[in-house]
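A short worksheet on the structure shown next.
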Amino acid sequence: MKNDDIRASLMKRSRAAKNERFGKTLTGLCILIIITVVVSIFFFVASKGLATFFTNKVNLWKFLTGTIWNPGATDAQGNPQVGALPMIVGSFAVTFLAAIVATPFAIGAAVFMTEISPKIGRKVLQPVIELLVGIPSVVYGFIGLSVVVPFVRRTFGGSGFGILSGTFVLFVMILPTVTSMTIDALNSVPRNYREASLALGATRWQTIYKVVLRASTSGIITAIVFGMSRAFGEALAVQMVIGNAMLLPGNLISPASTLTSVLTMGMGNSVMGSLSNNALWSLALLLLIMPLIFNIIIRKIAKKGAIR
Amino acid sequence: MKKKWFSLFILPMATIILAGCSFKQTGQSITAVGSSALQPLVEAAGDEFTKENAGEFINVQGGGSGTGLSQIQTGSVEIGNSDLYASQKSGIDASKLVDHKVAVVGVTPVINRKIPIKNLSTTQLAKIFSGDITNWQQLGGPNQEIVVINRAQGSGTRDTFERWVMKGRSAVQAQEQDSTGMVRQIVATTPGAISYMAFPYVDKTVKTVNVDGVTPTAKHVTTNQWQIWSYEHMYTNGKPTGLTARFMDYILSDAIQNKVVATMGYIPVKDMKVSRSLQGKVVQLSHEK
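Here the protein sequences line up with chains R and Z, keeping their order. Read in our numbering, the first sequence has 266 at position 266, and its numbers run on one by one without any break. Position in the second sequence (first residue = 1) + 308 = our numbering.
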């Protein structure tokens, strides 16, 4: 009799096992929902974005290299004018320029905070940088519109709207991201590297320059690519300062446009299912694919440069 | 630990369910979506309507004329607001939509205050916006480059302006902004800037110009002396019924037309001394007092 009781209690699923199972289901469900959402977004954007090429018969090559964006009208041959090159160039220009300007500052700040003065770094600079991350993009855009644009206009001429203003605004926006990721990269350099370098008689500067930065190169590049991917997707702040002219930018101070700014401007003014709407979805698809490429680059770099 | 975790999950759920309930309890509501030029007017009228009819709400959202027309087309909202005739917009089947012209709005060119120009002819305007004239000097102003600022393609205001000023010329590729507020801010701060906006948005920071010697006033719009104007449309899918019908009646009533419409800078439809068809044909209205 007694044996049966023990047997039953052993066979029954225990409380802990039930909890375990509950947790597993719940977390699994969450993952499932997230995956569903991601997949459906991709499917939706792709189905809409590809319609431009399949339903409206726009040539993909012409879409990527055309320079006239006027989806509402057709050209002399009756082809729709959906050339996205000005926006693609604009997007890449602001992204790369912002990354180029931001990188030295980010590395400098990160070196100071990890190698030179970790105490001040942790206590003062870290919170400041975290604060910068938290500022909404519309605030950056507004500051850009009322400070950066007049500054560019006075200093460099033109109307002040253009890639240069966009670069300045994006530079400030991605700086905290790049900096904090660079800090992580520098921190992950093993302590014994530094110790070995100093023991060999290297100065602090030599250690930083020849050892720490070299050892964390892949981490730093990841940080930069991450910042670029953020810059690429930024819509509002850039839109407010870049001028939104669908023109191939001839110089840095003439109005240009980015993929995101065209998208946010056109969405409300076009009708679902029409060519002008589909063309916007194609831009959205481009915007979706680019971060994907950025991510792949990041993974490649991370794999190559992992410190072991 | 477990409890804390659980409440974290329950709390948002409960909020969502509660939010759902509160929606049900408030009785009837309809949604009007579309044109941002018309939005303030419909919002004001909706507020008045709710004051007089407790428990009945008019949700008003912007999003642009295109959004308004496509949403009413699919029937996802009760009213679609638009600056354009539905048939002017590609991709819209206008035959099922019922047009309610609730107001008229004038569009005026605006320039930076520092430009000492008071009058421009339609031809000059067209030349500016098509890129043939690029310096204010060519118009008797100072030696200052003209900075053209357009609204986004497909915007109702832009459409109106281009239809009555450009008359078929294509616009120069220039800066584009997606809201009148941004346009006003940029025209006010950029030397040599020119753009256009609906009358209700004009304020002291920008300067209006006369076109062919006509001042941009409501009175000149009513007689079509000022030609750059458009009807503000509220479209319903089929003949309106129930709350939608009552709201449409309400917004066309004298109370709203005289009080709200006029004070916000729009022009009541009944004040118009002419009517203009989709094709642009102007007919004098015989006036019954």
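Glycine included, each C-beta is placed from N, C-alpha and C at the ideal position. Values in this document were obtained by computation on a predicted structure and should not be read as measured data.
Report the rounded CA-to-CA distance for residue i versus residue j, giving the unit in angstroms.
| i | j | result |
| --- | --- | --- |
| Ala223 (chain R) | Ser229 (chain R) | 10 Å |
| Ala402 (chain Z) | Val147 (chain R) | 46 Å |
| Leu125 (chain R) | Ala434 (chain Z) | 54 Å |
| Val538 (chain Z) | Arg584 (chain Z) | Per the sequence shown, the amino acid found at residue 538 (chain Z) is Ser instead of Val. Distance between the alpha carbons of Ser538 (chain Z) and Arg584 (chain Z) is about 9 Å. |
| Phe437 (chain Z) | Gly448 (chain Z) | 17 Å |
| Gln493 (chain Z) | Arg21 (chain R) | 59 Å |
| Thr217 (chain R) | Pro104 (chain R) | 13 Å |
| Ile297 (chain R) | Met181 (chain R) | 16 Å |
| Met312 (chain R) | Ala245 (chain R) | Examination of residue 312 (chain R) is not possible in this model, given that chain R is present from 1 through 308 alone. |
| Trp444 (chain Z) | Asn361 (chain Z) | 54 Å |
| Ile143 (chain R) | Gly160 (chain R) | 13 Å |
| Ala256 (chain R) | Thr375 (chain Z) | 26 Å |
| Gln533 (chain Z) | Val522 (chain Z) | 7 Å |
| Lys258 (chain R) | Pro86 (chain R) | For the record, residue 258 (chain R) in the displayed sequence is Thr; it is not Lys. Their Cα atoms are separated by approximately 8 Å. |
| Ser351 (chain Z) | Ala231 (chain R) | In the sequence as displayed, the identity of residue 351 (chain Z) is Glu instead of Ser. One C-alpha to the other measures close to 36 Å. |
| Pro176 (chain R) | Glu130 (chain R) | 7 Å |
| Ser270 (chain R) | Thr67 (chain R) | 20 Å |
| Arg191 (chain R) | Phe226 (chain R) | 26 Å |
| Val111 (chain R) | Lys123 (chain R) | 15 Å |
| Arg214 (chain R) | Leu10 (chain R) | 58 Å |
| Leu121 (chain R) | Ile183 (chain R) | The residue you asked about is not Leu; residue 121 (chain R) is Gly in the sequence shown. Roughly 10 Å separates the two Cα atoms. |
| Ser330 (chain Z) | Thr167 (chain R) | Confidence in Ser330 (chain Z) is poor, its pLDDT being 48 and thus under 50, which makes the residue's placement unreliable; the coordinate value appears in the next sentence. Taking the straight line joining both Cα atoms gives about 46 Å. |
| Ile107 (chain R) | Thr179 (chain R) | 7 Å |
| Gln379 (chain Z) | Gly342 (chain Z) | 8 Å |
| Ile338 (chain Z) | Gly489 (chain Z) | 27 Å |
| Val510 (chain Z) | Ser503 (chain Z) | 11 Å |
| Lys547 (chain Z) | Val45 (chain R) | 34 Å |
| Arg299 (chain R) | Gly414 (chain Z) | 56 Å |
| Gly243 (chain R) | Val456 (chain Z) | 11 Å |
| Asn367 (chain Z) | Gln481 (chain Z) | 36 Å |
Around the Cβ of residue i, are there at least 16 other Cβ atoms within 10 angstroms (buried) or fewer (exposed)?
| i | result |
| --- | --- |
| Asn389 (chain Z) | buried |
| Leu320 (chain R) | Because chain R here runs from 1 to 308, residue 320 (chain R) falls outside it and cannot be looked at. |
| Arg13 (chain R) | exposed |
| Arg466 (chain Z) | buried |
| Val473 (chain Z) | buried |
| Tyr393 (chain Z) | buried |
| Val133 (chain R) | exposed |
| Val39 (chain R) | exposed |
| Lys303 (chain R) | exposed |
| Pro450 (chain Z) | exposed |
| Gln333 (chain Z) | Per-residue confidence for Gln333 (chain Z) stands at a pLDDT of 45, beneath the threshold of 50, marking its modelled position as unreliable; no derived number is given. |
| Tyr574 (chain Z) | buried |
| Thr312 (chain R) | An answer regarding residue 312 (chain R) cannot be provided, because it is not within the stretch 1 to 308 covered by chain R. |
| Ala279 (chain R) | buried |
| Leu170 (chain R) | buried |
Over the uninterrupted alpha helix (DSSP H) stretch that includes residue i, give me the two end residues.
| i | result |
| --- | --- |
| Tyr539 (chain Z) | First-last for Tyr539 (chain Z): Trp537 to Asn545, but that is the beta strand (DSSP E), not the alpha helix (DSSP H). |
| Pro176 (chain R) | Ile163 to Asn187 |
| Glu195 (chain R) | Arg191 to Ala199 |
| Val82 (chain R) | Segment Pro80 to Val82 is the beta strand (DSSP E) holding Val82 (chain R); no alpha helix (DSSP H) there. |
| Gln493 (chain Z) | Thr488 to Thr497 |
| Val301 (chain Z) | Here chain Z has residues from 309 to 597 only, and residue 301 (chain Z) is not among them. |
| Gly550 (chain Z) | Gly550 to Leu560 |
| Met11 (chain R) | Lys2 to Met11 |
| Asp467 (chain Z) | Gly464 to Phe469 |
At which residues does the beta strand (DSSP E) containing residue i begin and terminate?
| i | result |
| --- | --- |
| Thr339 (chain Z) | Ser337 to Gly342 |
| Met505 (chain Z) | Ala501 to Ala506 |
| Arg584 (chain Z) | Val582 to Arg584 |
| Val211 (chain R) | That residue, Val211 (chain R), is in no beta strand (DSSP E); it is neither H nor E in DSSP. |
| Arg459 (chain Z) | Val455 to Arg459 |
| Glu484 (chain Z) | Gln483 to Gln485 |
| Gln592 (chain Z) | Val590 to Gln592 |
- Query: Of all the alpha helix (DSSP H) runs that stay within the bounds of the region 84-153 of chain R, which reach a length of 4 or more residues?
  - Reply: 85-111, 126-134 and 137-143
- Message: Which residues of the region 408-427 of chain Z have a Cβ closer than 9 Å to any Cβ of chain R? Give them in chain order.
- Response: none
- Task: Could you name the residues of the region 158-183 of chain R whose beta carbon sits closer than 8 Å to any beta carbon of chain Z, in the order they occur along the chain?
- Result: Ser159, Gly160 and Phe161
- Uninterrupted alpha helix (DSSP H) stretches inside the region 23-75 of chain R (no shorter than 4 residues): 60-65
- Within 7 Å of chain R by C-beta, residues of the region 365-388 of chain Z in sequence order: Gly371, Gly372, Ser373, Gly374, Thr375, Leu377 and Ser378
- Mind listing which residues of the region 25-45 of chain R have their C-beta closer than 9 Å to chain Z's C-betas, in chain order? Leu26
- Would you list, in sequence order, the uninterrupted beta strand (DSSP E) runs of no fewer than 3 residues that lie entirely inside the region 346-433 of chain Z? 365-371, 387-390 and 405-419
- Query: Quick one, which residues of the region 81-104 of chain R are near chain Z if we go by CB-CB under 8 Å, in chain order?
  - Reply: none
- Determine which residues of the region 488-522 of chain Z have a Cβ less than 9 Å from any Cβ of chain R, and write them out in chain order. Met490, Gln493, Ile494, Thr497, Thr498, Pro499, Gly500 and Ala501
- Message: Just to confirm the assignment: which complete alpha helix (DSSP H) runs, minimum length 4, are found wholly within the region 229-270 of chain R?
- Response: 236-242 and 259-266
- Note down, in chain order, all residues in the region 249-281 of chain R with a beta-carbon under 7 Å from any beta-carbon belonging to chain Z. Pro255, Thr264, Met265, Gly266, Gly268, Asn269, Ser270, Val271, Met272, Gly273, Ser274 and Ser276
- Query: Listed from N- to C-terminal order along the chain, which residues in the region 462-482 of chain Z have their beta-carbon within a distance smaller than 7 Å of any beta-carbon of chain R?
  - Reply: Gly462, Ser463, Gln481 and Ala482
- Task: Quick one: which residues of the region 55-81 of chain R get their C-beta closer than 9 Å to a C-beta of chain Z? List them in chain order.
- Result: Ile68, Trp69, Asn70, Pro71, Gly72 and Ala73
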